[in-house]
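Going down the list, the protein sequences come from chains A and B. For what it's worth, our numbering labels the leading residue of the first sequence as 1, then goes sequentially. For what it's worth, our numbering labels the leading residue of the second sequence as 1001, then goes sequentially.
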Amino acid sequence: MGYVIAGYLITAATLGGYTARLFARARSARRRAEAIAERRRER
Amino acid sequence: MAAAAERALGKATSRNGERILGSLAAVALGASLVLSLVVAPPDAVQGEVQRLMYIHVPAAWLAYLSFAVVFVGSIGYLRTRKTRWDRIAGASAEIGVMFTALAIVLGALWGKPVWGTWWTWDPRLTTTAVLLLIYLGYLSIRRISDNPSRRARWCAVVGIVGFVDVPIVHLSVVWWRSLHQGPTVLRLGSPEIEGTMLLALLAGVAAFTLVYAYLMTLRLRVGRLEDRAAREALSPIVEPAVEVEV
């Protein structure tokens, strides 16, 4: 049963981790674009 | 037809569509978990460890689906030269690599108690490892070229040629003598699997497909945002006009 538990935990961690990483990338890209646009407006 | 597909894609990739897909995927994963760990009986020969099938097989099938989408996206890009196709192919390749790696790890976990080894150079395992390397190479190409249209062209070629390995992986257990079991569902004749087990397996495939659709919408949004950030960074700064008095 240990192998089964390990398999389901690894699957949950992989899917959850990848989803969290995508959210972080989206947030960072949005912030980067907004910061550049803001700097341009200030000039 | 293409316009209808574009409208459907547009709806699915809207923030609302993304949230609905996310909720559906979470519910389907929960139902699949109950079916595979509680409802489905243990295997008569392998016992409880066979329950790994309900996540290992969907992960492998989703890897096939992801790379089929890369294939279609690559052809779409070469025919139309529209960035959207390249973005779809790139997003699907990234998700496909994750599912392939997951299928390999879950296979190793299943192989240890059943075969007595984590890994063996069996045709199915070897061709799957080659598949992973092909698409890791694809993702590397997406990073090395700084010319977006050249990068998209190279990636499209690799996305089309690399897909050749998918049917080889699937048929490897038929073509060569293999330690890996042969097809039990996608085979000529009726599936060789008990009814409740088949239901749990199909529920797993449906749940993983919804997860894939959700991850695609999320990954496409990330691609759009990263492109926007890159465009903002590269666009020339327009200095305010200075009036010169003569």
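No residue lacks a Cβ here, since even glycine has one placed at the ideal position from N, Cα and C. Just so it is clear, the structure is predicted and the values come from calculations on it, not from any experiment.
| Under 7 Å by beta carbon: chain B residues contacting Gly-7 of chain A | Within 7 Å Cβ-Cβ: Leu-1052, Ile-1055, Leu-1106 and Leu-1109.
| Proximity of Thr-1128 of chain B and Val-1169 of chain B at Cβ, strictly below 8 Å | Yes, Cβ-Cβ distance for Thr-1128 of chain B and Val-1169 of chain B is below 8 Å.
| Beta-carbon neighbours of Arg-32 of chain A, restricted to chain B and to distances below 7 Å | Those are Ala-1229, listed as they occur along chain B.
| message | Could you tell me which whole alpha helix (DSSP H) segments of length 4 or greater appear in the stretch 1155-1208 of chain B? | response | DSSP runs (the alpha helix (DSSP H)) wholly in the stretch 1155-1208 of chain B: 1165-1175.
| request: Assign Ser-1023 of chain B to one of two classes, buried (16 or more other C-beta atoms within 10 Å of its C-beta) or exposed (fewer than that). | output: Per the 10 Å Cβ criterion, exposed.
| request: Would you mind sorting Pro-1041 of chain B into buried or exposed? The rule is 16 or more other CB atoms within 10 Å of its CB. | output: Classification for Pro-1041 of chain B: exposed.
| Unbroken alpha helix (DSSP H) run spanning Ala-1060 of chain B, endpoints | 1053-1080 is the extent of the alpha helix (DSSP H) around Ala-1060 of chain B.
| request: Taking Glu-1018 of chain B as the reference, give the member of B:Asp-1043, B:Ala-1229, B:Leu-1220 and B:Trp-1175 with the closest Cα. | output: Here the closest residue by C-alpha is B:Leu-1220.
| At least one CB of chain B closer than 8 Å to the CB of Arg-25 of chain A: is that the case? | Interface residue (Cβ-Cβ distance to chain B less than 8 Å): Arg-25 of chain A is classified as such.
| field | Same chain, Cβ closer than 7 Å to Ile-1134 of chain B, neighbours up to 5 away in sequence not counted | value | Only Gly-1162 and Asp-1165 meet the Cβ criterion.
| Is the Cβ of Ala-46 of chain A closer than 8 Å to any Cβ of chain B? | Not covered by the structure: residue 46 of chain A. The range shown for chain A is 1 to 43.
| In three-state DSSP terms, what is Asp-1043 of chain B? | In this structure, Asp-1043 of chain B counts as strand in the three-state DSSP scheme.
| query | How many angstroms separate the CA atom of Ser-1140 of chain B from the CA atom of Arg-1151 of chain B? | reply | Roughly 10 Å between the two C-alpha positions.
| Can you list the residues of chain B that Ala-37 of chain A reaches, using a CB-CB cut of under 7 Å? | Here the neighbours are Glu-1232.
| said: With a threshold of 8 Å between beta carbons, is Lys-1082 of chain B in contact with chain A? | reply: By this cut-off, Lys-1082 of chain B is not an interface position.
| query | Where does His-1094 of chain B land, buried or exposed, given buried means 16+ other C-beta within 10 angstroms? | reply | Sequence check: residue 1094 of chain B is Glu here, not His. Buried, since its Cβ has 16 or more Cβ neighbours within 10 Å.
| request: Assign Met-1 of chain A to one of three DSSP states: helix, strand, or coil. | output: DSSP places Met-1 of chain A in the coil class of the three-state scheme, outside both helix and strand.
| Under the three-state reduction of DSSP, which class applies to Asp-1146 of chain B: helix, strand or coil? | Of the three classes helix, strand and coil, the one that applies to Asp-1146 of chain B here is coil, per DSSP.
| According to DSSP, is Asp-1122 of chain B helix, strand or coil? | Residue state, collapsed to three classes: coil.
| task | Below 8 Å on the Cβ atoms is my guess for Tyr-1214 of chain B versus Ala-1025 of chain B; work out the distance and round it to an integer in Å. | result | Between Tyr-1214 of chain B and Ala-1025 of chain B, the beta carbon gap of about 5 Å places them in contact (Cβ cut-off 8 Å).
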